[in-house]
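Student:
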Amino acid sequence: MIDKQVASAAEAVADIDDGSSIAVGGFGLSGNPIALIQALLEHGATDLSIVSNNCGVDDWGLGVLLSARRIRKMTSSYVGENKEFERQFLSGELELELTPQGTLAEKLRAGGSGIAAFYTQAGVGTQVAEGGLPRRYDGNGGIAVASPAKDVRAFEVEGEPRDFVLEEAIVTEFALVHALRGDRHGNLIFNKAARNFNPLAAMAGRVCIAQVEELVEPGELDPDAIHLPGVYVHRVVDVGPGIEKRIEKRTVRQKGD
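With the sequence shown counted from 1, adding 69 to any position gets you our numbering.
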């Protein structure tokens, strides 16, 4: 039997070194592996290259690593909820590879599937394909590092040629994900919206670390209900059902409105 359970989040992230690349699950704050992120913060690894849909908020999710100056580069599709992110990026302290959301998802999935690259129509005719997107500013309003131009080819679709841009897959050294349930073999089930970038991030990491709210014995999960097979998962940490979860913005209205 392959028992992938690790005693604590701290033990699970202990070999993440300075300069590591990490794919992190979550969409907004939904499905953030916060126990693993907090353990990584306490562990002290810095100069990290993070691939995630977004960077949390100023005091939660990946935002805690950003505020502690632990992140060197973000590869993301949305960065609008974090003021410290904006400040670091515009001041030249943080590198950003801004990527269309669907393209980012497919880059992660492709990396986990052994596909080196793929062509997509997303970004054709924009700086995503033509290059020139700021990746790092110089701190004085100028661009220190810009995105390169990408290969664009025409393919026949429905009888007419259409341009497609080449996007390379993403493979990271580690992946951090959150799941509702898992077994000690690493099979995972995600809950509703938390089944967003978590399976894709897990696939892309050479070493995938999963925090689960409920850990069960092998064989207890219905095989047809499993969202991610254990072949992609290397370490499992039981964080319990009481783990704190947050949302970015709470919007309420008066009853009857």
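We put the beta carbon where it would ideally sit given N, CA and C, even for glycine.
Quickly, what does DSSP pair Glu155 with across the bridge? List them, please.
Tutor: According to DSSP, which records beta bridges pairwise, Glu155 is partnered with nothing at all.
Student: Take Leu202 as the anchor and find which of Ser182, Leu167 and Ala179 has the nearest alpha-carbon.
Tutor: Taking only the C-alpha atoms, the option nearest Leu202 is Leu167.
Student: Please classify Ala185 as buried or exposed, where buried requires at least 16 neighbouring CB atoms within 10 angstroms.
Tutor: Looking at its Cβ environment, which holds fewer than 16 other Cβ atoms inside 10 Å, Ala185 is exposed.
Student: Grab me the residues of Glu282's own chain with a C-beta within less than 6 Å of its C-beta, minus the 5 sequence neighbours each way, in chain order.
Tutor: If we look at Glu282 and ignore the five residues flanking it on each side, its Cβ neighbours are Leu249 and Pro310.
Student: Measure the CB-CB distance between Gly274 and Ala104 and report whether it falls below 8 Å.
Tutor: Not a contact, by the Cβ cut-off of 8 Å.
Student: Look up Tyr301 in the DSSP assignment and say whether it is helix, strand or coil.
Tutor: If DSSP states are grouped into helix, strand and coil, Tyr301 belongs with the helices.
Student: Taking Pro292 as the reference, which of Thr320, Lys318, Gly255 and Ile278 has the closest Cα?
Tutor: Residue Gly255 is the option with its Cα nearest to Pro292.
Student: What first and last residue would you give for the beta strand (DSSP E) that runs through Gly274?
Tutor: Its beta strand (DSSP E) spans residues Gly274 to Val285.
Student: Report the residue from Glu286, Arg315, Val240 and Gly125 whose alpha carbon sits nearest the alpha carbon of Ser136.
Tutor: When only C-alpha atoms are compared, the closest one is Gly125.
Student: Do you know whose CA, among Asp87, Arg205 and Phe224, lies nearest His329's CA?
Tutor: It is not possible to answer for residue 329, since the shown part of the chain is limited to 70 through 326.
Student: Return the residue from the list Val221, Gly210 and Phe187 that minimises the CA-CA distance to Gly200.
Tutor: Nearest C-alpha to Gly200: Val221.
Student: Counting only the same chain and skipping the five closest in sequence on each side, list residues whose C-beta sits under 8 Å from that of Leu134.
Tutor: Closer than 8 Å at Cβ, skipping near neighbours: Ile106, Leu109, Leu110, Leu117, Ile119 and Ile140.
Student: Is the CB-CB distance between Ala244 and Ala271 below 8 Å?
Tutor: Yes, the pair counts as a contact, with Cβ atoms nearer than the cut-off.
Student: Under 8 Å by Cβ, that's how I've got Leu165 and Ser145 pegged, so tell me the actual separation to the nearest angstrom.
Tutor: At roughly 7 Å, the Cβ-Cβ gap stays under 8 Å, so Leu165 and Ser145 are in contact.
Student: With which residues is Ile140 paired in a DSSP beta bridge?
Tutor: Looking at the DSSP assignment, Ile140 forms a beta bridge with Leu117.
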